[in-house]
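Protein chains in written order, with this note's numbering: chain A, 497 to 873; chain B, 4 to 185. All C-beta atoms in this analysis are idealised placements derived from N, C-alpha and C, irrespective of residue type, glycine included. Note that the structure is predicted; figures quoted are calculated from it, not measured. Below is one structure; the comments refer to it alone.
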């Protein structure tokens, strides 16, 4: 039997990807350019017994999905720049209380209200440093409608596997662009369930590290009782200020992601084997980059592309290796140089990192990238 | 590579984003080609500049936006002025003759007929002007067959409006052929 196909927007695909992953709870507050996620889920979730809540604001929406996740739901919220700013305190809460959930954020112009209908890629640092304190960060950046669908599924999987909030962040172009999508059959893409406790309720501790860096999470209302707080906590979930416990727990919360960077980081290498110039790109900009690389190759210039699919954790190891191979790195991005700083950190001065930075709401076009590739040669 | 770039432009509320979506759907779902549709619009729900871009190709499409336009529909004078600059030499330029009085200069294959008035008077409802325009663009660009485009139209509109849209598409298609034969 042939697979089901459709012609969908990135945001619509995100909603269907969430359903494939078993999302049964959505809470959000509508905001351009991410509202289509809410629209689709408000129709689809009730059909399968799921719940859809439109909250009074973005903060409440984030609080709702944390609560829903603790009650056993696979929970999603969607938003854009200003909403992402508002959600930050509770994203931090999700990190310290170790609550799996997915935050889908469409990048538009900013800061503040910025340019609501214009695309940008200027939230990538906010994805890591938006909430205060040391904490793990996982952020995926899709470049097509099909990939948006698949990355939302992956985001749910990673959030369950590592028991932490995961962000999926398309730019407005990818989120509003329409392409053909082929839906996978049930079972074709792995869906990772939450690790449930194997001990009886009276022996359960929500942060019991004897089960490893990612302790099992019980479902509220299933007979397991435990304490949840934004304070630094002990294994039983109650607050502590004991220095050695706080230090160990903080380190574990970060380590559970950082030590698994190889499992989490995904990337694509395009024509890099013999490349003199590497264009590093993500999201919609990688589409311009691929176009530019193809033209460069036609002109006899050995250009290639490294496409970032997992922005956080950053692909440090791969970029370090790349910097040892090429003469220069070109980074086109729709912000004033965010990924660029990470590349410079990884390149450690071995090769120049040339940026193309655009924040005028227009996409970076292939000609701009081609011209910059030629500056390296 | 067989990259073909179309732009549907006018003002918000004219249904041009929908027309672009249906064109791309016709190519991608029914014609067996690849297509990407994207758009840019202002914060207004009605009025303000609006454009919908469609790239059609036999192979994968990287850059989803127009680089050098093969076919441009302009439903306002502002759109005609603003977007004709990157229309290729010999490219298709379809205009609403009532709304675009000053034809942009350039060596284009310009076709002009009263699109909105055709919808109002010949089809019976002004609201389907976008489908009249789509029918015309399908006829003038030849990127998708008439049959596949009609399938895409009919699968995109509510049941109660199928006949209205079929008529709008057909009249737009015929009018463009007649206008381009002149």
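Problem - Expected contact under 8 Å - CB spacing of residue 869(A) and residue 822(A) to nearest Å - result: Rounded, the Cβ-Cβ distance is 11 Å, inconsistent with contact.
Practice task
Establish whether the CB of residue 42(B) and some CB of chain A are separated by less than 9 Å.
Solution key: yes
Problem - Proximity test, Cβ basis, 9 Å: residue 501(A) and chain B - result: yes
Problem - Cutoff 9 Å: residue 176(B) Cβ touching any chain A Cβ - result: no
Handout entry: residue 188(B) at chain A interface by Cβ criterion, 9 Å
Key = The structure shown does not extend to residue 188(B), since chain B is modelled only from 4 to 185, so the question has no answer here.
Exercise for the section: Decide if the segment 603-614 of chain A is in contact with the segment 649-662 of chain A; the criterion is three or more beta carbon pairs, one per stretch, under 8 Å apart. Expected result: no
Problem - Cβ-based neighbour list, residue 39(B), same chain, cut-off 6 Å, excluding 5 preceding and 5 following - result: 58, 64 and 67
Problem - Range covered by the alpha helix (DSSP H) that runs through residue 771(A) - result: Element bounds for residue 771(A): n/a, residue is neither H nor E.
Exercise for the section: Could you work out which residues of chain B lie near residue 793(A), taking near to mean beta carbons separated by less than 7 Å? Expected result: Those within 7 Å of residue 793(A) in chain B number zero; the least Cβ separation is about 13 Å.
Practice task
Report, in whole angstroms, the separation of the C-beta atoms of residue 648(A) and residue 778(A), which I expect to be a contact under 8 Å.
Solution key: Not quite, the Cβ-Cβ distance comes to about 16 Å (not below 8 Å), so this is no contact.
Practice task
Give the residues of chain B in contact with residue 675(A), contact being defined as C-beta atoms less than 9 Å apart.
Solution key: 27, 31, 37, 38, 39, 40, 64 and 67
Exercise for the section: Taking C-beta pairs closer than 9 Å, name the residues in chain B that residue 531(A) reaches, listed in chain order. Expected result: Those within 9 Å of residue 531(A) in chain B number zero; the least Cβ separation is about 13 Å.
Problem - chain B contact for residue 863(A) (CB, 9 Å cutoff) - result: yes
Problem - Short Cβ contact (9 Å threshold) for residue 780(A) with residue 670(A) - result: yes
Practice task
Please state if the CB of residue 724(A) and the CB of residue 631(A) are separated by a distance shorter than 9 Å.
Solution key: no
Practice task
With a threshold of 16 other CB atoms inside 10 Å of the CB of residue 133(B), please say whether the residue is buried or exposed.
Solution key: buried
Practice task
Compute the distance between the beta-carbons of residue 628(A) and residue 42(B), then report whether it is under 9 Å.
Solution key: no
Practice task
Just the chain B side, please: which residues come within less than 8 Å of residue 804(A) by C-beta, in chain order?
Solution key: Per Cβ cutoff of 8 Å: no residues; residue 804(A) is ~16 Å from chain B at best.
Practice task
Kindly indicate which three-state DSSP category residue 595(A) falls into: helix, strand or coil?
Solution key: coil
Exercise for the section: Please check if any C-beta of chain B sits within less than 9 Å of the C-beta of residue 480(A). Expected result: Nothing can be reported for residue 480(A): it is not among the residues displayed for chain A, which extend from 497 to 873.
Handout entry: Unbroken stretches of the beta strand (DSSP E), 3 residues or longer, contained in the segment 70-115 of chain B
Key = 72-77 and 90-99
Problem - Supposed contact pair residue 555(A) and residue 580(A) - C-beta distance, whole angstroms, cut 8 Å - result: Contact doesn't hold; Cβ gap of about 11 Å is too wide.
Problem - Among 182(B), 31(B) and 16(B), nearest to residue 98(B) - alpha-carbon criterion - result: 182(B)
Exercise for the section: Would you identify the three-state DSSP class for residue 64(B), choosing helix, strand or coil? Expected result: coil
Exercise for the section: Answer with yes or no whether the minimum CB distance from residue 45(B) to chain A is below 9 Å. Expected result: yes
Practice task
Determine, using beta carbons only, whether residue 778(A) comes closer than 9 Å to chain B.
Solution key: no
Practice task
Examine chain B for any beta-carbon lying closer than 9 Å to the beta-carbon of residue 526(A), and answer yes or no.
Solution key: no
Handout entry: Length of the line joining the Cα atoms of residue 731(A) and residue 703(A)
Key = 4 Å
Handout entry: Sequence-distant residues of its chain with Cβ nearer than 6 Å to residue 514(A) (five each side left out)
Key = 572 and 648
Exercise for the section: For residue 21(B), return the contacting residues in chain A, with the cut-off set at a CB-CB distance below 7 Å. Expected result: The premise fails here: residue 21(B) is roughly 11 Å from chain A at the closest Cβ pair, so nothing lies under 7 Å.
Handout entry: Any chain B beta carbon closer than 9 Å to residue 613(A)
Key = yes
Practice task
With 9 Å as the threshold, decide whether the Cβ of residue 787(A) is near any Cβ in chain B.
Solution key: yes
Problem - Rounded C-alpha distance that separates residue 818(A) from residue 845(A) - result: 12 Å
Practice task
Kindly confirm or deny that the segment 106-121 of chain B and the segment 152-166 of chain B touch, where touching means at least three C-beta pairs closer than 8 Å.
Solution key: no
Practice task
Count the other CB atoms, across all protein chains shown, that sit within 10 Å of the CB of residue 504(A); report buried if there are 16 or more and exposed otherwise.
Solution key: buried
Exercise for the section: Please confirm whether residue 716(A) and residue 567(A) have their CB atoms less than 9 Å apart. Expected result: yes
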